[in-house]
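S.K.:
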Amino acid sequence: PYRPWKNGPYHVTMGLKQTDVENWIELDETYLEKYHLKKRLYQENRDEVLAYLPGCDGGLFEALELVKDTLVRRYPTMFRLQSPHIVENLVTGDIWDLRPEASTWKTHHPLEVMGLLATEDFFLLSNNPKTGQTTLRAGGVCFPAGFKIEERMGLSLWEIHAGKVPQYESKLAKSMDRFFERLKVESAVSRFNYAIDDSSELFHRHPHHNLTLEQLENPPKLEDLHLRVERQTLQRLPKTRALLFTIRTYVTPIFEVTNDKEVAAALRTSVGSFSEDVSKYKN
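Residue 10 is where the sequence shown starts when you use the working numbering, and the numbers rise one by one after that.
1) Taking Pro119 as part of the alpha helix (DSSP H), name the residues at either end of that continuous run.
2) Taking the C-alpha atoms as reference points, what is the distance between Gln142 and Lys270?
3) Who are the Cβ neighbours of Ile256 in its own chain at under 6 Å, not counting the five residues just before and after it?
4) How big is the Cα-Cα spacing for Gly68 and His118?
5) Mapping the DSSP letters down to three states, classify Gly148 as helix, strand or coil.
6) Near Ser112, what residues of its chain come up, given a Cβ to Cβ distance below 8 Å and the 5 sequence neighbours on each side ignored?
7) If we call anything under 8 Å between Cβ atoms a contact, is Arg161 one with Lys193?
8) Among Leu166, Thr39, Leu253, which residue has its Cα nearest to the Cα of Trp33?
9) Where in the region 16-67 do unbroken runs of the alpha helix (DSSP H), each at least 4 residues long, occur, reported from the N-terminal end onward?
10) Answer with buried or exposed for Lys157, where buried requires no fewer than 16 other C-beta atoms within 10 angstroms of its C-beta.
11) Taking all protein chains shown into account, do 16 or more other C-beta atoms lie within 10 angstroms of the C-beta of Glu210, making it buried, or fewer, making it exposed?
12) Keeping to the same chain, check which residues put their C-beta closer than 8 Å to that of Met23; ignore five residues upstream and five downstream.
13) Can you give me the C-alpha to C-alpha distance between Gly102 and Phe88, rounded to a whole angstrom?
14) What is the DSSP secondary structure of Phe156, reduced to helix, strand or coil?
15) Between the C-alpha atoms of Glu232 and Pro13, what's the straight-line distance to the nearest angstrom?
16) Should Thr46 and Cys151 be called a contact, given that it needs their Cβ atoms to be closer than 8 Å?
17) Under a three-way DSSP split, which group does Trp105 fall into?
18) Where DSSP assigns a beta bridge to Gln176, which residues make up the other side?
19) Please go through the same chain and pick out, in chain order, the residues whose beta-carbon is closer than 8 Å to the beta-carbon of Pro216, but skip the five residues on each side of it.
20) Using the three-state DSSP reduction, which class does Thr249 fall into: helix, strand or coil?
21) Starting from Asp130 and walking both ways along the beta strand (DSSP E), at which residues does that stretch end?
22) So within the region 62-98, which uninterrupted alpha helix (DSSP H) runs reach at least 4 residues, ignoring any that extend past its ends?
23) Straight-line CA distance for Ser179 to Trp167?
24) Could you check what DSSP says for Tyr11 in three-state terms: helix, strand or coil?
25) Name the DSSP beta bridge partners of Tyr203, please?
26) Quick one: give me the first and last residue of the alpha helix (DSSP H) that Asp286 is part of.
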């Protein structure tokens, strides 16, 4: 897993880096395990993992084509094309006809197919012409970090983050709005987020921020703690101009991370430098 902290004080920043457009999707040895978990969630918790507003089909189908093209190029032993718009998953045996007019969509949703092809969670954002703000239009989220996707539909960046993310209003809001508005098609960026959690659960819809005094007085055992790392990417789709945001979640037992003394020391330094609001948020 990634180790997205520095051996020094923690600062609230966007932390964006340019990323290779070929590397925005990451598959690993846990692919099949995550696939089966997602498939079960789409069947049993469909309304909790898929949310979308009317009018975003164009962006979703464009995103789906991008996912398909990337996977076929990057992972040719796992995916192959049967025709320009029909992709075969050589690992699961799934065959998907991705044409908008295909019968696929009588029983599946584009967000669902994206989620079964890749391990990432996918979000589609676009500009609201009435307000001029970037708003969330669709999301397929099997691995949320303490939020409910259906409650965020149609919200702006401000409405999603203000009052929740520490120092968002003072340090992040203006720069985030400006960046989302100006992101060019040929650019793709990534960032990391991390927290220490008392659960290895990936489907984690309930917030863990601002724990009660009782919870703080009965802390979990060290062996029950897990490092939850999110690799997030953002890029603009060329045709619809919508923004495609992804989150790839990694959950690792804390002892596996801290076996390396240098890594453990750096993590301790970073966590120890959290301001009070950041500590409560990541609690």
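Note that the Cβ used here is the ideal one computed from N, Cα and C, for glycine as well.
Here the structure is a predicted model, which means the values were calculated and not measured.
M.R.: Looking at the coordinates:
1) Taking the first residue of the sequence shown as position 1, residue 119 is located at position 110. Element bounds for Pro119: 119-126.
2) The residue given as residue 142 occupies position 133 in the sequence shown. The residue given as residue 270 occupies position 261 in the sequence shown. The straight-line gap from Cα to Cα measures roughly 45 Å.
3) As a first step, residue 256 must be located in the sequence shown, where it is residue number 247. If we look at Ile256 and ignore the five residues flanking it on each side, its Cβ neighbours are Asp130, Glu239, Gln241.
4) Taking the first residue of the sequence shown as position 1, residue 68 is located at position 59. Taking the first residue of the sequence shown as position 1, residue 118 is located at position 109. Their backbone Cα atoms lie some 13 Å apart in a straight line.
5) Against the sequence shown, residue 148 aligns to sequence position 139. Of the three classes helix, strand and coil, the one that applies to Gly148 here is strand, per DSSP.
6) As a position in the sequence shown, residue 112 is number 103, starting the count at 1. Cβ within range, chain order: Asp106.
7) As a first step, residue 161 is located in the sequence shown; it is residue number 152 there, counting from the start. As a first step, residue 193 is located in the sequence shown; it is residue number 184 there, counting from the start. It is not a contact, given that the beta carbons lie outside the stated cut-off.
8) Numbered from its first residue, the sequence shown carries residue 33 at position 24. Nearest of Leu166, Thr39, Leu253 to Trp33, Cα basis: Leu253.
9) 40-53, 55-58
10) Locating residue 157 in the sequence shown gives position 148, where the first residue counts as 1. Exposed.
11) Translated into positions along the sequence shown, residue 210 becomes position 201. The residue in question, Glu210, is exposed, as its Cβ has fewer than 16 Cβ neighbours within 10 Å.
12) Along the sequence shown, one-based indexing puts residue 23 at 14. Only Leu181, Ser184, Met185, Phe188, Arg200 meet the Cβ criterion.
13) Numbered from 1 along the sequence shown, position 93 holds the residue referred to as residue 102. Numbered from 1 along the sequence shown, position 79 holds the residue referred to as residue 88. Distance between the alpha carbons of Gly102 and Phe88 is about 10 Å.
14) On the sequence shown, residue 156 is found 147 positions in, with the first residue counted as 1. Phe156: coil per DSSP, three-state reduction.
15) Locating residue 232 in the sequence shown gives position 223, counting from the first residue. Locating residue 13 in the sequence shown gives position 4, counting from the first residue. Spanning the two alpha carbons is a distance of roughly 21 Å.
16) As a first step, residue 46 must be located in the sequence shown, where it is residue number 37. As a first step, residue 151 must be located in the sequence shown, where it is residue number 142. A small fix is needed here, since residue 46 is Leu in this sequence, not Thr. Result yes, Cβ atoms of Leu46 and Cys151 sit closer than 8 Å.
17) The residue labelled residue 105 in the question sits at position 96 within the sequence shown. Strand, per DSSP.
18) Start at 1 with the first residue of the sequence shown, and residue 176 comes out as number 167. In the DSSP output, where bridge partners are listed per residue, Gln176 has none listed.
19) Within the sequence shown, numbered from 1, the residue matching residue 216 stands at position 207. So the list reads Gly155, Phe156, once near-sequence residues are dropped.
20) For the purposes of this step, residue 249 is taken as residue 240 along the sequence shown, with counting starting at 1. In this structure, Thr249 counts as coil in the three-state DSSP scheme.
21) Within the sequence shown, residue 130 is the residue found at index 121, counting from 1. Taken as a continuous stretch (DSSP letters only), the beta strand (DSSP E) holding Asp130 covers 130-137.
22) Within the region 62-98, the complete alpha helix (DSSP H) segments at least 4 residues long are 66-83, listed from N- to C-terminus.
23) In the sequence shown, residue 179 corresponds to position 170, counting from 1. In the sequence shown, residue 167 corresponds to position 158, counting from 1. In this structure, the CA atom of Ser179 is about 12 Å from the CA atom of Trp167.
24) On the sequence shown, residue 11 is found 2 positions in, with the first residue counted as 1. Reduced to three states, the DSSP call for Tyr11 is coil.
25) Taking the sequence shown and counting its residues from 1, the one referred to as residue 203 is at position 194. Bridge partners of Tyr203: Val238.
26) On the sequence shown, residue 286 is found 277 positions in, with the first residue counted as 1. Segment 285-290, the alpha helix (DSSP H) holding Asp286.
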